[in-house]
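The structure appears right after this line, and notes come after that.
Numbering (the numbering used here), first residue to last: 16 to 175.
In structure tokens form, the structure reads like this:
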């Protein structure tokens with residue numbers, strides 16, 4: 016009996032330790048061009064799925080606070096396609112899943128993407144914002160970051 020319980024416990028722990036291959040791909044804290052569904056010009060964060068299969072974001076979190084990594088919970092099933100994107104806007108006034116309940120700081124800051132049990136999966140320290148210029152990975156899911164004069168939320172950063 017103990018052996019079965021031990022094997023079941025290890026299985027549960029192993030599932031919890033699987034890291035999602037979704038990364039923060041681009042941020043635009045000072046947005047005055049792109050209107051969100053609440054008719055706001057909120058700053059935004061783009062997530063990118065590096066995997067070859069779609070992934071459900073239900074139960075994941077976004078935060079700008081190291082002491083509260085569960086600041087904004089994704090409460091609906093949002094599927095991010097294989098090698099695809101989804102954008103979340105700051106300063107949400109609607110109960111819309113794509114509107115975070117916090118704003119991005121134009122003076123620079125850190126954004127966290129966190130799994131269902133509160134583990135940090137991805138973060139980015141972004142610099143002081145310039146209006147309508149995003150800070151993005153130079154290739155989708157890559158390690159190098161740079162400025163985009165023409166933000167590419169929900170499309171590839173490659174070549175931008």
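Here a beta-carbon is modelled for each residue, glycine too, at the ideal position from N, C-alpha and C.
Determine the contact status of residue i and residue j, defining contact as a CB-CB distance below 7 Å.
| i | j | result |
| --- | --- | --- |
| residue 44 | residue 58 | yes |
| residue 42 | residue 127 | no |
| residue 87 | residue 77 | yes |
| residue 123 | residue 101 | no |
| residue 90 | residue 69 | no |
| residue 115 | residue 105 | yes |
According to DSSP, residue i sits in a beta bridge with which residue or residues?
| i | result |
| --- | --- |
| residue 135 | 129 |
| residue 145 | 148 |
| residue 61 | 41, 102 |
| residue 196 | Beyond the ends of the chain as shown, which are 16 and 175, falls residue 196; an answer cannot be given. |
| residue 163 | 149 |
| residue 95 | 70 |
| residue 120 | DSSP output for residue 120 lists no bridge partner at all. |
Quick check on this structure: which residue in the options has the alpha carbon closest to the alpha carbon of residue i?
| i | options | result |
| --- | --- | --- |
| residue 134 | 66, 120, 85 | 85 |
| residue 66 | 113, 154, 96 | 96 |
| residue 169 | 70, 92, 103 | 103 |
| residue 155 | 171, 140, 166 | 171 |
| residue 80 | 159, 118, 167 | 118 |
| residue 113 | 174, 61, 167, 173 | 61 |
In chain order, what residues of the same chain lie with their CB nearer than 7 Å to the CB of residue i, ignoring the 5 residues before and after it?
| i | result |
| --- | --- |
| residue 46 | 56, 57, 58, 59, 147 |
| residue 145 | 45 |
| residue 17 | Residue placement at residue 17 cannot be trusted, given a pLDDT of 48 that sits under 50; the coordinates are not used to answer. |
| residue 19 | Note that residue 19 has pLDDT 43, beneath the 50 cutoff, so the model's placement of it is unreliable and no number is given. |
Ignore the nearest five residues each way along the sequence and tell me which others in residue i's own chain have a CB closer than 8 Å to its CB.
| i | result |
| --- | --- |
| residue 129 | 75, 76, 77, 78, 84, 85, 135, 136 |
| residue 138 | 39, 125, 126, 127, 128 |
For residue i, which residues in the same chain have their Cβ closer than 6 Å to its Cβ, ignoring the five residues on either side in sequence?
| i | result |
| --- | --- |
| residue 161 | 153 |
| residue 63 | 38, 40, 100, 155, 156 |
| residue 6 | Outside the shown range of the chain, which is 16 to 175, sits residue 6, and nothing can be said about it. |
| residue 36 | 65, 66 |
| residue 165 | none |
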